[in-house]
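Trainee: In my numbering, the protein residues as written are 581 to 869. Even glycine gets a Cβ: it sits at the ideal position worked out from N, Cα and C. Structure provided below as structure tokens; questions to follow.
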């Protein structure tokens, strides 16, 4: 998938989620802002209560999206027969989309009233979504191929060398500027703070300063306007790739630990969700069927 098409693809997901969230807020703002003990008398109560036509439907749709998002991704990732059905990267994005949209619908299904065993499932869902955001950030810090395969350190170094070659051969960048960039990236900046989060923040700030400095140098050397954007983009890729190489082992280790936190919350959420659905059916809550 081309980068421009991929951006449209991701934007489409985001618009669906934001549109759904905004639509539900606008439609039910009056009801959801009413005190719980007074909602019985609200004109939208029969529609938006958890067992109402819309409220119940939101719960069913939300549960379906979560289950389908989880199990479709697991099947694509773990069963060899489906290993060639689309890129794992796009399946992950589809998984994130459904497992974000689903909780939004379930939030409105509860009508913001939590209690009992369902509260455990809901807060487990919140923990899953929050840890998923963190996991996505960690995932993006580990360089991968277009197909989603994790790249080795040797492949990354080859890619880095290729970017430097592009600056010299493709854009005819001054040797001194390439050397300056190389020295700046190979310098091991010592951060007094041991906290890895603060260290990462400090590194991102230093990278931003370096990028600005390189822009100034490019303008001073009067790089042709036709090449300026390409050179600047290549330099940015070089900076980001260097950071990812330096942090590769640490991010791989954190990603393994992340699974330990993410999966238990997901299993608890799914288990209680199934129990909740079974109990609802046994008590006769059959929606429109």
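Can you give the Cα-Cα distance for residue 756 and residue 604, rounded to whole angstroms?
Mentor: For residue 756 and residue 604, the distance between alpha carbons rounds to 58 Å.
Trainee: Starting from residue 690, trace the alpha helix (DSSP H) both ways and give me its first and last residue.
Mentor: Here residue 690 belongs to no alpha helix (DSSP H), and DSSP marks it neither H nor E.
Trainee: Can you check whether the CB of residue 712 is closer than 8 Å to the CB of residue 842?
Mentor: Against a cut-off of 8 Å, the Cβ pair of residue 712 and residue 842 comes out as a contact.
Trainee: Under 6 Å Cβ to Cβ from residue 647, same chain only, skipping five residues before and after it: list those, please.
Mentor: Once the five neighbours on either side are set aside, residue 647 has no close Cβ partner at all.
Trainee: Leaving out five residues on either side along the sequence, give the residues of the same chain with a beta carbon under 8 Å from the beta carbon of residue 830.
Mentor: Within the same chain, residue 830 has close Cβ partners 776.
Trainee: Could you compute how far the alpha carbon of residue 589 sits from the alpha carbon of residue 638?
Mentor: In a straight line, the C-alpha of residue 589 is about 24 Å away from that of residue 638.
Trainee: Need the endpoints of the alpha helix (DSSP H) that residue 660 sits in, please.
Mentor: Here residue 660 belongs to no alpha helix (DSSP H), and DSSP marks it neither H nor E.
Trainee: If residue 698 sits next to residue 856, beta carbons under 8 Å apart, how far is it from one beta carbon to the other, in whole angstroms?
Mentor: That pair is a contact at about 6 Å.
Trainee: CA-CA distance, residue 737 and residue 791?
Mentor: Spanning the two alpha carbons is a distance of roughly 21 Å.
Trainee: Taking just the CA atoms, how far does residue 748 sit from residue 801?
Mentor: Taking the straight line from one Cα to the other gives about 14 Å.
Trainee: Excluding the 5 residues flanking residue 815 on each side, which residues of the same chain have their C-beta closer than 6 Å to its C-beta?
Mentor: Closer than 6 Å at the Cβ level, and outside the excluded window around residue 815, lie 794.
Trainee: Can you tell me whether residue 595 is helix, strand or coil according to DSSP?
Mentor: In this structure, residue 595 counts as helix in the three-state DSSP scheme.
Trainee: Return the CA-CA distance between residue 606 and residue 796, expressed in angstroms with no decimal places.
Mentor: Rounded to the nearest angstrom, the two C-alpha atoms are 48 Å apart.
Trainee: According to the neighbour-count rule (16 or more other Cβ atoms, all chains shown, within 10 Å of its Cβ), is residue 861 buried or exposed?
Mentor: Looking at its Cβ environment, which holds fewer than 16 other Cβ atoms inside 10 Å, residue 861 is exposed.
Trainee: Taking the alpha-carbon of residue 848 as reference, which of 616, 701 and 710 has the nearest alpha-carbon?
Mentor: Checked all of 616, 701 and 710; the closest Cα to residue 848 is 701.
Trainee: DSSP three-state label for residue 779, please.
Mentor: Here residue 779 sits in helix by DSSP.
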